[in-house]
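Undergrad: Let me begin by handing over the structure; questions about it come next.
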Amino acid sequence: MRFVLLFPMFGCIENALYTQGQEEQEKENRQPTAEPTSEPTSEPSQPSSEPSNNPSEEPSYEPSYEPSYEPSFEPTSEPDESDNSGSSVSNPATPYPGSLVINELMINPQATQDKFGEWIEIYNTTSDWIDLDGLRIADNNLDDYEIQYIGSPLVISPNGYFVICAEESEWNNGGAECNASFLYKTLGGGFALSNTDDEVYLLTPFGQYVDIFSYGSNFAPEGASMGVRAGYETTSGNDSSSNWCEQWNFMFGGDSGSPGEENFCF
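With the numbering used here applied, the sequence shown corresponds to residues 81 to 346, in that order.
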């Protein structure tokens, strides 16, 4: 019978158990000693909306303010009647050749007699207010008369129209609103338009010609005025009768014409 000494084996086992115990102790030391002391105060926030390929707002290429194209002042109640040339309704320029043209003529009215229904329209070709005080209308025979004031200033506005009538009342002259008048006379001492052929002169108070127009026997229709075509309102443009045409605007007196307005030709 043999006896085996087990003491060394027991020592090895003891050492192994001791080493294992130390490793387990170290693992425990590395673990947190306690649970977290508090829970999170709230759930993590979720995105406010699903993601989108489009921007959440319109691009900012438009200004965020209103543009300042509106004037910051209120317009005055009265229009500014002056222009760059320095003339005004209270300080008008004097007429000169080409500044005024004969633009429309009622030569042979039908709704009323000639002595009531004849009228002349002149047009201001400039950007000036022009003084018509002392302006005369004449022909190359006996007629020569200074136009008369009838209640409105004898001035014509820039690029404006001015109507001179034998009878100032529109209720008696066929419906023309007049700015001045002339004395109707056929044998001198006044002015009249012949139904056949005649001339019309515009003269300054000093006798200078401002415009001249002559017409023949077949020029004037009955019951309608003749007016210069748009674009020909010059001293040379109105010389040719082919640049004139019958005006068809109805006047309440029964005839047709466009006194004080732009002419229209078909």
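No residue lacks a Cβ here, since even glycine has one placed at the ideal position from N, Cα and C.
Starting from the Cα of D291, find the closest Cα among T174, G178 and P172 and give me that residue.
TA: On the sequence shown, residue 291 is found 211 positions in, with the first residue counted as 1. For D291, the nearest C-alpha among the options comes from G178.
Undergrad: Measuring straight from C-alpha to C-alpha, what distance separates E201 and N183?
TA: As a first step, residue 201 is located in the sequence shown; it is residue number 121 there, counting from the start. As a first step, residue 183 is located in the sequence shown; it is residue number 103 there, counting from the start. When rounded, the distance between both Cα atoms is 6 Å.
Undergrad: For the beta strand (DSSP E) that contains F242, what are its first and last residues?
TA: Taking the sequence shown and counting its residues from 1, the one referred to as residue 242 is at position 162. First-last of the beta strand (DSSP E) with F242: Y241 to C245.
Undergrad: Smallest Cα separation from G287: which of S167, V169, S168 and Y176?
TA: Residue numbering aside, residue 287 sits at position 207 when the sequence shown is read from its first letter. Ranking S167, V169, S168 and Y176 by Cα distance to G287 puts Y176 first.
Undergrad: Secondary structure at P120, three-state DSSP: helix, strand or coil?
TA: The count along the sequence shown starts at 1 and reaches residue 120 at position 40. Bear in mind that a pLDDT of 46 at P120, under 50, signals an unreliable position, so the model cannot answer this.
Undergrad: Between the stretch 259-271 and the stretch 297-309, do at least 3 Cβ pairs fall closer than 8 Å?
TA: Contact between the stretch 259-271 and the stretch 297-309 is absent, because fewer than three Cβ pairs lie under 8 Å.
Undergrad: I'd like to confirm the pairing. Which residues does DSSP put opposite W324 in its beta bridges?
TA: If you number the sequence shown from 1, residue 324 lands on position 244. According to DSSP, which records beta bridges pairwise, W324 is partnered with V308.
Undergrad: Return helix, strand or coil for S157, following the three-state DSSP convention.
TA: Along the sequence shown, one-based indexing puts residue 157 at 77. Model confidence at S157 stands at a pLDDT of 37, short of 50, so the residue's coordinates are unreliable and nothing is read from them.
Undergrad: Between which two residues does the alpha helix (DSSP H) containing D319 stretch?
TA: Against the sequence shown, residue 319 aligns to sequence position 239. First-last for D319: undefined, no H or E at that position.
Undergrad: Starting from the N-terminal side, write out each stretch of the beta strand (DSSP E) that is 3 residues or longer and does not extend beyond the stretch 217-272.
TA: The stretch 217-272 contains these whole beta strand (DSSP E) runs: 224-226 and 241-245.
Undergrad: Quick one, which of T315, F344, S320 and W324 has its alpha-carbon nearest T205's?
TA: Position 125 of the sequence shown holds residue 205. With distances taken between Cα atoms, T205 lies closest to T315.
Undergrad: Determine the direct distance from the alpha carbon of F293 to that of L215, and round the result to whole angstroms.
TA: Within the sequence shown, numbered from 1, the residue matching residue 215 stands at position 135. Within the sequence shown, numbered from 1, the residue matching residue 293 stands at position 213. Rounded to whole angstroms, L215 to F293 spans 16 Å at the Cα level.
Undergrad: According to DSSP, is F286 helix, strand or coil?
TA: As a first step, residue 286 must be located in the sequence shown, where it is residue number 206. Reduced to three states, the DSSP call for F286 is coil.
Undergrad: From which residue to which residue does the beta strand (DSSP E) around L201 run?
TA: Numbered from 1 along the sequence shown, position 121 holds the residue referred to as residue 201. Contrary to the premise, residue 201 reads as Glu rather than Leu in this sequence. Where E201 is concerned, the enclosing beta strand (DSSP E) stretches over W199 to N204.
Undergrad: Between T174, L185 and Y289, which lies nearest to D277 when the distance is taken from Cα to Cα?
TA: Translated into positions along the sequence shown, residue 277 becomes position 197. Closest by alpha carbon: L185.
Undergrad: According to DSSP, is F196 helix, strand or coil?
TA: On the sequence shown, residue 196 is found 116 positions in, with the first residue counted as 1. Helix.
Undergrad: Rounded to whole angstroms, what's the CA-CA distance from F271 to A246? Just pull it up for me.
TA: The residue given as residue 271 occupies position 191 in the sequence shown. The residue given as residue 246 occupies position 166 in the sequence shown. Going from the Cα of F271 to the Cα of A246 covers about 9 Å.
Undergrad: Going by the CB atoms, is the gap between F196 and S253 shorter than 7 Å?
TA: Here residue 253 refers to the residue found at position 173 of the sequence shown. Here residue 196 refers to the residue found at position 116 of the sequence shown. With the sequence shown as reference, residue 253 is identified as Asn, and Ser is not the correct amino acid for it. Contact: yes.
Undergrad: At the level of alpha carbons, what is the spacing between S46 and S168?
TA: No information on residue 46 is available, as it lies outside the stretch 81 to 346 that the chain covers here.
Undergrad: Quick check on this structure: which residue in A173, Y225, G269 and I230 has the alpha carbon closest to the alpha carbon of E250?
TA: Counting from one through the sequence shown, the residue named residue 250 turns up at place 170. Comparing Cα positions, the closest option is I230.
Undergrad: Determine the extent of the beta strand (DSSP E) in which E184 is found, giving its start and end residues.
TA: Numbered from 1 along the sequence shown, position 104 holds the residue referred to as residue 184. Counting along the chain, the beta strand (DSSP E) containing E184 begins and ends at L180 to M186.
Undergrad: Could you give the DSSP three-state label for V169: helix, strand or coil?
TA: Counting from 1 along the sequence shown, the entry for residue 169 is found at position 89. Reduced to three states, the DSSP call for V169 is coil.
Undergrad: Please state if the CB of S336 and the CB of W328 are separated by a distance shorter than 7 Å.
TA: Mapped onto the sequence shown, residue 328 falls at position 248. Mapped onto the sequence shown, residue 336 falls at position 256. The answer is yes: Cβ separation under 7 Å.
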